[in-house]
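These notes are about the structure you will find just below.
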Amino acid sequence: MTTTFTFWAFFLICSAWLLARAVTDHRRAMAQRRVLLDEAAGLLDDAKITFAPDQFPILIGRLADRRQVKVELIADTLVTRRLPQLWLRATLSERVEQRRPMIGALARPTGAEFYSLVHNMPEQFVPPQTDVPLLMRGDGGTTATQIQRASSMFRKLFADPTVKEAVIAPRGTRLVRQACQGDRGAHLVMRQARFPIKAVGVDLVQRALDELQALSETLAIADDPVLAGVS
Numbered sequence: 001m002t003t004t005f006t007f008w009a010f011f012l013i014c015s016a017w018l019l020a021r022a023v024t025d026h027r028r029a030m031a032q033r034r035v036l037l038d039e040a041a042g043l044l045d046d047a048k049i050t051f052a053p054d055q056f057p058i059l060i061g062r063l064a065d066r067r068q069v070k071v072e073l074i075a076d077t078l079v080t081r082r083l084p085q086l087w088l089r090a091t092l093s094e095r096v097e098q099r100r101p102m103i104g105a106l107a108r109p110t111g112a113e114f115y116s117l118v119h120n121m122p123e124q125f126v127p128p129q130t131d132v133p134l135l136m137r138g139d140g141g142t143t144a145t146q147i148q149r150a151s152s153m154f155r156k157l158f159a160d161p162t163v164k165e166a167v168i169a170p171r172g173t174r175l176v177r178q179a180c181q182g183d184r185g186a187h188l189v190m191r192q193a194r195f196p197i198k199a200v201g202v203d204l205v206q207r208a209l210d211e212l213q214a215l216s217e218t219l220a221i222a223d224d225p226v227l228a229g230v231s
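Dropping the structure here:
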């Protein structure tokens, strides 16, 4: 009887310790997530940070020309044969809707990119030649000149293997970049998505902002003879 009591007491103590440790680790992880974009907030005017249900921060602010930028962090764990990915998704919203089509490219498509806009576009194009496979699609209202110009921009962007998606649309532009890969040990042993990062680099966010603006200028009306003739 004494041995049985001792065993169960030891079992309950260990279980309580493991539960307390798990709660502490979870709280620490959530606290670390919430500050990932704090440093990058200084890049934008009127910057404000809110939080998604998974406690990853959402940064919203404005460029000097008053266009709005939204920066988000997305944890992607759907591809089981790959380490979890933390994506930086940056969106630039135009002040007025632009007279241009929607066109975009997605690197290394698997069909599991729940965050992708490209998968939902109806028309598929031949992508530019790059070191990674690309899926290039549009909304069906794209001219040959626009396809050529967009392809040239995508070729430059996807020369960087950390770029995942780039989209040009009438209401704005979007870029998805790798921010961090998950910790291999946590993924292999416990199947957890832990990202060994204390802050998303300011230089990474600035690069994404520059690329968003370059995407916005790619199909500018003044440079397109087809659209310029009807403006």
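Take the sequence shown: its letters are residues 1 to 231, numbered as in full-length UniProt numbering. In this text, a Cβ means the ideal position worked out from N, Cα and C, and glycines have one as well.
Tell me residue i's beta-bridge partners as DSSP assigns them.
i, result
"V200", "V200 pairs with nothing; no bridge assigned."
"L134", "A107"
"T91", "K70 and R174"
"A112", "The partner list for A112 (beta bridge, DSSP) is empty, contrary to what the question assumes."
"L86", "A75 and C180"
For residue i, count neighbouring C-beta atoms within 10 Å of its own C-beta (all shown protein chains included) and say buried if the count is 16 or more, exposed if not.
i, result
"T110", "exposed"
"K48", "exposed"
"T50", "exposed"
"S151", "buried"
"F114", "exposed"
"T218", "buried"
"D54", "exposed"
"G104", "buried"
Restricting to Cα atoms, I'd like to know which of the options is closest to residue i.
i, options, result
"V96", "K70, G140, D54 and R66", "R66"
"G141", "F125, D38, S116 and D45", "F125"
"A166", "A40, M121 and E39", "M121"
"W87", "R34, V176, G42 and L44", "V176"
"R108", "M153, T77 and P161", "P161"
"residue 233", "T173, Q181 and F195", "Residue 233 lies beyond the stretch modelled for the chain, which goes from 1 to 231, so this question has no answer here."
"L92", "L106, Q85, L83 and E72", "E72"
"V206", "L43, L36 and A75", "Checking the sequence shown, residue 206 turns out to be Gln, not Val. Q206 has its Cα closest to that of L43, out of L43, L36 and A75."
Could you spell out where the alpha helix (DSSP H) holding residue i opens and where it closes?
i, result
"S151", "A144 to L157"
In the DSSP assignment, find the beta strand (DSSP E) that holds residue i and state where it starts and stops.
i, result
"V69", "Q68 to D76"
"G172", "G172 to Q181"
"D46", "D45 to F51"
"V163", "V163 to A169"
"R62", "P57 to R62"
"E123", "E123 to F125"
Does the count of Cβ pairs from the region 141-153 and the region 199-207 closer than 8 Å reach three? By the Cβ rule, the region 141-153 does not count as touching the region 199-207, because fewer than three pairs are nearer than 8 Å.
Flag this pair as touching only if the region 55-70 and the region 129-141 have three or more C-beta atom pairs under 8 Å; answer yes or no. By the Cβ test, the region 55-70 is not in contact with the region 129-141, since fewer than three Cβ pairs between them sit closer than 8 Å.
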